[in-house]
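Undergrad: Residue numbers (the working numbering): 8 to 78.
This is the structure we're talking about:
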């Protein structure tokens, strides 16, 4: 089995496991009680920080790709 196929299987299995856990949390009501306990301002603060982190990682990746191929 090639490394690419193995990574693909791991991604599929991880995605299905994540969706199954998320679905179980929705059905059990645990997620609803958690969301009700977290203030809206904190939620958007965390989402904003994650967005900034992801944009920074994306920019860093672009910079690394550019730096590795000088013209």
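Yeah, the Cβ is synthetic: ideal placement off N, Cα and C, and Gly gets one too.
Identify the continuous alpha helix (DSSP H) that holds residue 8 and give its terminal residues.
TA: Note, residue 8: premise wrong, no alpha helix (DSSP H); not H, not E.
Undergrad: What span of residues does the alpha helix (DSSP H) with residue 40 cover, start to end?
TA: That run of the alpha helix (DSSP H) goes 37 to 44.
Undergrad: Got a sec, what are the start and stop residues for the alpha helix (DSSP H) residue 64 sits in?
TA: 47 to 74 is the extent of the alpha helix (DSSP H) around residue 64.
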